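Peer 1: Below is a structure I'd like to ask you about.
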Amino acid sequence: MSEKIKAVIFDLDGVITDTSEYHYRAWKRLADEEGIPFNRDDNDKLRGVSRGECLKILLNGKQVSAEQFQEMMDRKNEYYVELLKQMTSENILPGAKEIVLELKKRGIKTAIASVSKNTRTVLQGTGIENLFDTIVDGYSVKNTKPAPDLFLFAAKELGVKPEDCAVVEDAEAGIEAALAGNMLSIGIGPEERAGKARYRFEKIGDITLTKLLEIINS
């Protein structure tokens, strides 16, 4: 690991913004329409994985045709995008914007790397699309988290070696992706979900600038 981190790559949902309730409501609506039991605990299992993988988890072995599968994915996304129209800067998690701005002041590059194909819609809705040096999303790579491809692509776009990057993630799949990419991992959330990260905080607001600078310069 390099002595000095040159870039910090952030996951979006649950790290910078909070759209988890919108995801839950969209998946819940789809599940209800399909007669599939679904609650908030089930929704937690969908954190950090692609829409297709989420639907596989939701179906729990239920067989559907390729056409039905695609239609369900499209329907969920339609519900979710409709809910995203409600987004404002209020959906930015406390402390997130401040941390990014402080990093940029110190010449540390920043990126968003999210499996969501609605990443830019979320960033536009919250007014922070121009805050990051690069944005990569579900359209950027074929293999999503826990494969490291998304983070590796972000590092390439930033012009920074993977080992000189830190990743801030709230999902186990994302933390595994950071580790697989040989990047410094900073987990956000409870031990059972973010415990594999090298460093862990309960929420993004717990990461003070002093703590983050200590981590990325250690």
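Just so you know, we're using our numbering here: the sequence shown kicks off at 881 and counts up by one. Think of the CB as a built atom: it goes at the ideal place given N, C-alpha and C, for glycine as much as any other residue. All values derive from a computational prediction rather than experimental measurement.
Assuming contact is defined by CB atoms lying nearer than 8 Å, are residue 972 and residue 1092 in contact in what I supplied?
Peer 2: No, the Cβ-Cβ distance between residue 972 and residue 1092 is not below 8 Å.
Peer 1: Which value, in whole angstroms, describes the spacing of the CA atoms of residue 953 and residue 923?
Peer 2: Those two C-alpha atoms are separated by around 15 Å.
Peer 1: May I have the straight-line CA-CA distance separating residue 1013 from residue 991, to the nearest angstrom?
Peer 2: Cα-Cα distance, rounded: 6 Å.
Peer 1: Helix or strand or just coil, what does DSSP make of residue 1079?
Peer 2: Strand, per DSSP.
Peer 1: For residue 1070, which of 1064, 1079 and 1062 has the nearest alpha-carbon?
Peer 2: It is 1079.
Peer 1: Apply the 10 Å Cβ neighbour rule to residue 1074 and answer buried if 16 or more other Cβ atoms are within range, or exposed otherwise.
Peer 2: Classification of residue 1074: buried, given that the 10 Å Cβ count is 16 or more.
Peer 1: From residue 1099 to residue 1067, what distance separates their C-alpha atoms?
Peer 2: There is simply no residue 1099 to check, as the chain begins at 881 and stops at 1098 in what is shown.
Peer 1: Select from 931, 1037, 966 and 1044 the residue whose C-alpha is nearest the C-alpha of residue 1098.
Peer 2: Of the listed residues, the one whose Cα sits closest to residue 1098 is 1044.
Peer 1: Looking at C-alpha atoms only, which residue of 887, 897 and 885 is the closest neighbour of residue 1085?
Peer 2: For residue 1085, the nearest C-alpha among the options comes from 897.
Peer 1: Per DSSP, what are the beta-bridge partners of residue 1064 in this structure?
Peer 2: Per DSSP, 1046.
Peer 1: From residue 892 to residue 948, what does the alpha carbon distance come to, in whole angstroms?
Peer 2: Going from the Cα of residue 892 to the Cα of residue 948 covers about 29 Å.
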